[in-house]
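These protein sequence lines are chains A and B, in that order. Just so you know, full-length UniProt numbering puts 266 at position 266 of the first sequence, and the rest follows in order with no gaps. Just so you know, full-length UniProt numbering puts 288 at position 288 of the second sequence, and the rest follows in order with no gaps. We put the CB at the ideal spot given by N, CA and C, even for glycine.
2 protein chains.
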Amino acid sequence: MTCDITIKDVAKEANVSVATVSRVLNGLDRVSDQTRKKVLKVVKELNYVPNTMAASMITKQTQMLAVVVPEIENPFYTSVIKGTVNVAKEKGYHTFVFSTNDSESEEDAFFESSLRRNVDGIVLIGAHKDPEFYQKMNKPVILVDRYIDGCGLDGVIIDNFGGAYEATKYLIEYGHRDIAIITGPQTFNDGTERHWGYQQALKDNGIELVNDYQKHGDWFENNGYQSTKELMKLTKPPTAIFAANNLICQGTIKALRDLELTIGLDVSLVGFDANDLAEFVKPRVSVVKRPTYEMGTHAAEMLIEKLKQVDKHDSFPKKVTLGVELLKFGSVKYLG
Amino acid sequence: MTCDITIKDVAKEANVSVATVSRVLNGLDRVSDQTRKKVLKVVKELNYVPNTMAASMITKQTQMLAVVVPEIENPFYTSVIKGTVNVAKEKGYHTFVFSTNDSESEEDAFFESSLRRNVDGIVLIGAHKDPEFYQKMNKPVILVDRYIDGCGLDGVIIDNFGGAYEATKYLIEYGHRDIAIITGPQTFNDGTERHWGYQQALKDNGIELVNDYQKHGDWFENNGYQSTKELMKLTKPPTAIFAANNLICQGTIKALRDLELTIGLDVSLVGFDANDLAEFVKPRVSVVKRPTYEMGTHAAEMLIEKLKQVDKHDSFPKKVTLGVELLKFGSVKYLG
DNA sequence: TTGAAAGCGTTACCAC
DNA sequence: GTGGTAACGCTTTCAA
Chain A
1 MTCDITIKDV AKEANVSVAT VSRVLNGLDR VSDQTRKKVL KVVKELNYVP NTMAASMITK
61 QTQMLAVVVP EIENPFYTSV IKGTVNVAKE KGYHTFVFST NDSESEEDAF FESSLRRNVD
121 GIVLIGAHKD PEFYQKMNKP VILVDRYIDG CGLDGVIIDN FGGAYEATKY LIEYGHRDIA
181 IITGPQTFND GTERHWGYQQ ALKDNGIELV NDYQKHGDWF ENNGYQSTKE LMKLTKPPTA
241 IFAANNLICQ GTIKALRDLE LTIGLDVSLV GFDANDLAEF VKPRVSVVKR PTYEMGTHAA
301 EMLIEKLKQV DKHDSFPKKV TLGVELLKFG SVKYLG
Chain B
1 MTCDITIKDV AKEANVSVAT VSRVLNGLDR VSDQTRKKVL KVVKELNYVP NTMAASMITK
61 QTQMLAVVVP EIENPFYTSV IKGTVNVAKE KGYHTFVFST NDSESEEDAF FESSLRRNVD
121 GIVLIGAHKD PEFYQKMNKP VILVDRYIDG CGLDGVIIDN FGGAYEATKY LIEYGHRDIA
181 IITGPQTFND GTERHWGYQQ ALKDNGIELV NDYQKHGDWF ENNGYQSTKE LMKLTKPPTA
241 IFAANNLICQ GTIKALRDLE LTIGLDVSLV GFDANDLAEF VKPRVSVVKR PTYEMGTHAA
301 EMLIEKLKQV DKHDSFPKKV TLGVELLKFG SVKYLG
C-alpha cells in the first residue's frame, strides 16, 4: 500500500539494474528465469507499484480513456458510461468520466485542459454542433449517439429514423391519425432523425402534418410535461403522442396523470428509450428500446481497436448504426 | 489543439530560459512585466498546453481526485458524484469516477492500481467492512454515507438513526402499530442505524418488535418487491411499511401495485431517500429526504481543505453528520 | 541476458 | 529577475 517505492529500490534489493526490473515488469524483452523470479519476489515483498506517469512520459501512452457525456444524472448516459468503463477495464484501461452539462464551453474546457493530454482516446457524446470542432481532434475519438456529418470521426449511433418511423407507423396501424410528437431541439441527428421518421411515417400513410402537433423543446422532463399539457388543451387534441426520449416520456406520463387522462384509453403513448415510469404505469408504455449499454461497449471496443493500429493511415471514418426494437405494451388504443 | 509543443519550444521562441517560462506559468516567483507578456504571447501563439504529468513527477501533486462509489447507475450515487465533481472542478481539480459494484475485490483493484497513485485524494463510499482496510490508506480520504468506526478517517454521513426514528414515529402517531421494515444488510452504519431507529421508535412507544415484520435483504429493488409480497402474505400483514432506501421503496411500490393494494389506503408507506416512483404515484409517498448532492459537495470541500493543510499533524478524524427531513405526503393513513 | 546512460517535460534550487 | 541544471521515475537504445 505504500507509494514511495521506486524501481530503483527494487533493483537495488534484487541486485540487478533498473533496466532489468523494467524488462521483467513489461515482459517484452527476455530475461532469464532466475532473475525474473528474483525480481518478482522483491516486487512483491516491497509492494512495489510502478509509477505509470513516469512511464507515460516515455511511451506516450497512459492507458487511460475519457468518456465525455452531457449529463451524468440521465440514466441513458450512465448506461453508456457503464458499458464503456467495463470494456475498458477488461482491456486494461482506466476511464475518466467527464460531464459537460451539454455546454459547448464546458466541453471546450475539457479539451483545452491538460486532462485531454493524459488520455489515449475519448468516447464522446458531444455538445458541439460544428464539424470544425471535431475535425481538429488529434486523438482517437469515437462519437456516440450524436454524429456530426463531415466531422471525419468514427461513431456509434442508433437507428433514430427507423425507431421513430416504426413507433409512428404502429400508432397509425392502430387507427390513429391525430398523432403528436414531443421532441428535443433539431441540433443533432438524434433530434432531426426522430422527427424525420415521425414525419415520413405520416406522409407514407397519407396523413397531413399538423404544426400544432409537433412540439420542440429540450430533452428534459419538463418539456414533456408542459408540451403534453399544451397538446391536450388544443381544440382538437391528438389521440396519440410520440415522446422522443426517456425524460420527455416521463414528463408526458406525469402530465397525463395530472390531467387525469388514462394512457391507452384517453390518450395513446409511445416513448423512445426505456424509463422507470414507462415500465411502472399500467398499462405499461410501449417504447422504442435502444441498446444503451451496448453503445458504450461498442464504442470502447472500437476505440481500443483504433489505439492498437500502429499504422495510422487515416482510414475513412466508420459509422456503426445499432438497431432498435419497438416494445409493444398496452399504451396504444386500437381505434379500428 | 496540438499536444507536442513543450516548454522548451516556448522558451526558444520567446528567447528566455525554460525556468522563466515555468515561472511565468506558475506565477510564484516574480518576473518582469515585459518578459511575462512576451512569454504569454508565445504560449498563446504556439497553443502550448503544459504537460501536467511531467510537473506531477516533481511536485507530487496531480490536481486529480477520485470518487469511488459502489454503483454508478443508482441515482443516489450519481447525485453524490455530481456534487463532488462540481466542487472539485471549481477548485481546479479533475475527478476520476470509479465504480466498484460494491465488491471488496474490485475496490482492492482500485487501490492497488497505479491509478490511486495518480490522485491527490479520494472521496470514498467504501465496499470494505473492516477498519484495517481504511487504516492503511496513505492518501487523504473522505468517507461518504458509510462510516466504519475506528477507521481513523474523516467522513460525511447523514442522520440515519434520526431519519428512521422520525419515519417510524410518524407512522405510530398516525395510529399504526403493525409496522414492517424492509432494509438492507447490517453491514454498514446505514443499515444498522436505520434499523436501530425503527426499533427504538417502536420501543419508545411500547410496541413490541415482531420478527416477521423485519425484512433484511440487499439494497436493490427486487428485495423491496419480494419482501413486500412476503409481508402481505402473512396471516396478520402489517398496516404500514418503512422502506429503508430508494430502490427498496421502488420495489415496494411496484409490489403493492401488482397486489392491487392502494398506498395510503390498504397499506401505508414511508421511504428513505427520494425516488422517481415515490414522487410519481398518487398519493405521493412520504420519504425521509437526505441531502445527496450536498454530501458530495461537502466531502469534496473537506478533502480539498485537507489537501491544503501543509502541516500534516494527523488530526483526529472528523465526522460530519448532515440532517435529514421527513416529507409527509398522503401515503400514510390515519388510523385514529 | 544484462547494465549504463540518455532521455521524456517539467520544477526547483542555486548562481549570477 | 533570469538562466543553468539536477532531479522526478521510468523506458529504451547501445554496448558488453
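Chain-order list of residues whose beta-carbon lies under 6 Å from that of residue i (same chain, five-residue window excluded)
i	result
A/E193	N160, F161
B/S56	T62
A/D149	none
B/Y213	A180, P238
A/F188	R146
B/L277	Q250, I253
Contacts that residue i makes with chain A (C-beta to C-beta distance below 7 Å)
i	result
B/L143	Within 7 Å Cβ-Cβ: nothing; B/L143 doesn't reach chain A, min ~17 Å.
B/H298	Chain A residues near B/H298: none, gap ~18 Å exceeds 7 Å.
Partner residues on chain A for residue i, Cβ-Cβ distance less than 8 Å
i	result
B/P50	S114
B/H128	Result: empty, since nearest Cβ-Cβ is about 13 Å, beyond 8 Å.
B/K41	By Cβ distance, chain A contributes nothing, its closest Cβ being about 18 Å from B/K41, past 8 Å.
B/K254	F280
Residue-chain proximity (residue i, chain B), Cβ-Cβ < 8 Å
i	result
A/E73	yes
A/N205	no
A/L277	yes
A/T183	no
A/L326	no
A/M53	yes
A/G323	no
A/S56	yes
A/S331	no
A/K236	no
A/G336	no
Rounded Cβ spacing between residue i and residue j (contact assumed at less than 8 Å)
i	j	result
A/V21	A/I7	5 Å
B/I179	B/P131	33 Å between Cβ atoms; not a contact.
A/G155	A/Q135	Actually they do not touch by this definition, with Cβ atoms about 14 Å apart.
B/K289	B/E325	5 Å
A/L269	A/T292	Wrong, their Cβ atoms sit about 20 Å apart, outside the cutoff.
B/F329	B/P283	6 Å
A/Y93	A/L115	About 15 Å separates the two Cβ atoms, so there is no contact after all.
Chain A contact residues for residue i, given Cβ-Cβ distances below 9 Å
i	result
B/S286	Simply none; closest approach about 18 Å.
Cutoff 8 Å: residue i Cβ touching any chain A Cβ
i	result
B/I7	no
B/F280	yes
B/N222	no
B/T78	yes
B/N211	no
B/M1	At B/M1, the pLDDT of 42 sits below 50, so the modelled position is not reliable and the matter cannot be decided from this model.
B/I81	yes
B/R117	yes
B/S17	no
B/K229	no
B/H94	yes
Boundaries of the beta strand (DSSP E) in which residue i is found, first to last residue
i	result
B/E325	325-327
A/F242	240-243
A/L143	141-144
A/A157	Inspection of the sequence shows that residue 157 of chain A is occupied by Ile rather than by Ala. Segment 154-158, the beta strand (DSSP E) holding A/I157.
Contact test: residue i Cβ vs the ligand MG heavy atom, cutoff 7 Å
i	result
B/A88	In the structure on display, the ligand MG does not appear, and there are no ligands present to speak of.
Proximal residues to residue i (C-beta, below 7 Å), its chain only, five neighbours per side dropped
i	result
A/W196	F161
A/L40	V24
B/L307	D120, G121, P140
A/K169	A201
B/I81	V67, V69, V97, G296
A/L234	D212
Under 7 Å by beta carbon: chain B residues contacting residue i
i	result
A/V97	V97
Closer than 8 Å at the beta carbon, the chain B residues around residue i
i	result
A/V85	I72, S99
A/H176	Those within 8 Å of A/H176 in chain B number zero; the least Cβ separation is about 25 Å.
Nonlocal neighbours in the same chain, by C-beta distance under 8 Å from residue i, ignoring five residues either side
i	result
B/T297	G83, T84, N86, V87
A/I72	T78, I81, V97, S99
A/M302	I142, D154, V156, K318, V320
Range covered by the alpha helix (DSSP H) that runs through residue i
i	result
B/Q250	246-258
B/S17	Per DSSP, B/S17 belongs to no alpha helix (DSSP H) and is neither H nor E.
A/A66	It is not in any alpha helix (DSSP H) - A/A66 instead sits in the beta strand (DSSP E) that spans 64-69.
Partner residues on chain B for residue i, Cβ-Cβ distance less than 9 Å
i	result
A/I248	Chain B residues near A/I248: none, gap ~15 Å exceeds 9 Å.
A/K289	Near A/K289 there are no residues of chain B at all, since even the closest Cβ is about 17 Å away, more than 9 Å.
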